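Asker: As numbered in my numbering, residues 48 to 444 make up the sequence shown, in order. What follows is a single structure, and I will ask about it in a moment.
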Amino acid sequence: MAKFNEKTFNGEAFGKYVDRVPNLKKNELLKSKALKGNAQISEVFSSQTGTAYATIPFFGLIGGAALNYDGKTDITAESTDTFERSVVVIGRSKAWLEDDFSTDITGGVDFMDNVAAQVSEYWAAIDQDTLLAVLEGIFAMSSGKENLEFVNEHTYDISKGAFAKGYVNATTLNTATQKACGANKSKFSLIVMHSAVATNLENLKLLTYLKFNDGNGVERELSLASWNGRLVLIDDSMPTKAIESLYVRCNSTDVGALKVTTAGSGLGEVAKASVETDISDIKENEYVQHIQNETIYTSYLLGDGAIDYVNIGAKVPAEMARDAKTKGGQTILYSRQRKVFAPYGISYTKKSQQSLSPTDAELKNGTNWELVNNKSSSTKKYIDHKSIPIARIISRG
């Protein structure tokens, strides 16, 4: 058995152990085809010229109106647009120090299995944080008509609906995917949601949990489910936002309906001025409900090929260092990774990035993202946002 010290530590073997440990979330992401490899990205970053940031061609589709073939009309040709897409390598590193780690960690326990399991799970969590930062960033795009069109059309916000309408239901998924991609809505294959949203779907009997057989042949439930044929990953690290108070429009017959009046002093009435802070265009004699102390949840929808994922690798992914003096002896495990998470049809601009690798805060910055375009200074053309199988649902559960 390999020993845990700098002389006998085999970084290549350790890497294989880490890769061998099952990572259910990542495996299901790959199975859903939401994450896919990209040979073009891998190749550009393996060359000597591109190490941290690169712009690669993104080929447009053929199109144009068909001409009348009548023996008289000339056939004219059109060229396809070539767009440009920029991608960035995201580097992360971490080290763990233990006193007399070699002796303590191997006491009757297989060292490689134990440590590799912990490292694998750690980087799986980091990768998920990175992916969520990327998704938050692309939905934070705020400049340019085309970028805003993507954000608005690929967002289905029901959080401001009257009580039950503020929660996901049987029609939510179908409506959200159609709003984002129209006839291409069938491309969506995965939803990542908070457990509160999943619980609501369970109560509506709309969620079916997947099962697997463990090493002893016992059937167990996964934290993976299916909703309308789409894989569901349930994770409480999904974005949430607490709301203390919110007025939403409703019908006069809805439970808790309040009539909007100027004074708002009558029974079952509310002052128009109070409501206007939440609904700027509210009118006299409309009805609202008062939502208090609730949480707004964001669920992400991903389709086939939504995210290009490439493990670029580091020169030394893992290594050991031994300090024999401090506290009677310490061992440090160093771990490094460099990966690309590039959303399809969206380019990373690097307008606000301080070093060669973006932080999560920089990935969340909308100014660092834009729809793929031809970079023309005269006639700028963007890809059709409906070709991008990425969307989000904002709800109160």
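For every residue, glycine included, the Cβ atom is placed at its ideal position computed from N, Cα and C. From a predicted model like this one, the values you see are computed outputs, not experimental measurements.
Distance, Cα to Cα, LEU251 vs ASN275?
Answerer: Each residue's Cα considered, the two are about 13 Å apart.
Asker: Would DSSP call SER273 helix, strand or coil?
Answerer: Strand.
Asker: How about ASN247 and TYR203: are their beta carbons less than 8 Å apart?
Answerer: It is not a contact, given that the beta carbons lie outside the stated cut-off.
Asker: Nearest CA to the CA of LYS397: which residue from ALA164, VAL181 and PHE130?
Answerer: It is VAL181 whose Cα lies nearest to the Cα of LYS397.
Asker: Measuring CB atoms only, is the stretch 304-315 touching the stretch 272-286, in the sense that at least three cross pairs come out at less than 8 Å?
Answerer: Result no; under three Cβ-Cβ pairs closer than 8 Å.
Asker: Return the residue from the list ARG132, ALA112 and VAL134 that minimises the CA-CA distance to ALA124.
Answerer: If we check each option's Cα against that of ALA124, ALA112 comes out closest.
Asker: Just grab the DSSP bridge partners of TRP416 for me.
Answerer: Paired residue(s): TYR395.
Asker: Pull the bridge partners of HIS337 from the DSSP assignment, please.
Answerer: TYR294.
Asker: Please list the segments of the alpha helix (DSSP H) lying wholly inside the stretch 303-339, counting only runs of 4 or more residues, in order along the chain.
Answerer: Those alpha helix (DSSP H) runs which fall completely within the stretch 303-339 and span 4+ residues are 319-323.
Asker: Taking 8 Å as the threshold, find out whether the stretch 282-300 comes into contact with the stretch 331-351 through three or more Cβ pairs.
Answerer: Contact holds: three or more Cβ-Cβ distances are below 8 Å.
Asker: GLU131 to ILE354, Cα distance in whole Å?
Answerer: Computed Cα separation, rounded: 17 Å.
Asker: Any chance you could list the beta strand (DSSP E) runs of at least 3 consecutive residues sitting entirely within the stretch 149-236, in chain order?
Answerer: Counting only runs of 3 or more, we get 202-204.
Asker: If I measure Cβ to Cβ from ASP370 and keep anything under 6 Å in the same chain, skipping five residues before and after, which residues do I get?
Answerer: Answer for ASP370: GLN377, listed in chain order.
Asker: Could you tell me the distance, in whole angstroms, from the CA atom of ASP325 to the CA atom of TYR294?
Answerer: The alpha-carbon atoms of ASP325 and TYR294 are separated by roughly 6 Å.
Asker: Could you tell me whether the Cβ of LYS428 comes closer than 8 Å to any Cβ of chain C?
Answerer: The structure shown has no chain C; it contains just one protein chain.
Asker: Note down the Cα distance separating LEU403 from GLU409, rounded to an integer number of angstroms.
Answerer: Those two C-alpha atoms are separated by around 12 Å.
Asker: Give me, in chain order, the residues of the same chain whose beta-carbon lies closer than 6 Å to that of SER424; leave out the 5 immediate sequence neighbours on both sides.
Answerer: Around SER424: no qualifying Cβ.
Asker: Rounded to the nearest angstrom, what separates LYS226 and GLU200 at their Cα positions?
Answerer: About 6 Å.
Asker: Three-state secondary structure (DSSP) at PHE105?
Answerer: Strand.
Asker: Using the three-state DSSP reduction, which class does THR123 fall into: helix, strand or coil?
Answerer: THR123: coil per DSSP, three-state reduction.
Asker: Are PRO390 and LYS234 close, meaning C-beta to C-beta below 8 Å?
Answerer: No, Cβ-Cβ distance for PRO390 and LYS234 is not below 8 Å.
Asker: Do PRO364 and GLN384 have their C-beta atoms within less than 8 Å of each other?
Answerer: Contact: yes.
Asker: Just reading off the alpha helix (DSSP H) that THR246 is part of, what are its end residues?
Answerer: Run containing THR246: 242-250, per the alpha helix (DSSP H) assignment.
Asker: When the Cα atoms are used, what is the spatial distance from GLN401 to ASN412?
Answerer: So the alpha carbons of these two residues sit roughly 13 Å apart.
Asker: Distance check for ASP282 and ALA304, CA to CA, integer angstroms please.
Answerer: Going by the C-alpha atoms only, they are around 34 Å apart.
Asker: By Cβ distance, which residues of its chain are closer than 8 Å to ILE338, with the 5 residues on each side in sequence left out?
Answerer: So the qualifying residues of the chain are PHE210, GLY213, ILE290, SER292, LEU293, TYR294, VAL295 and ARG443.
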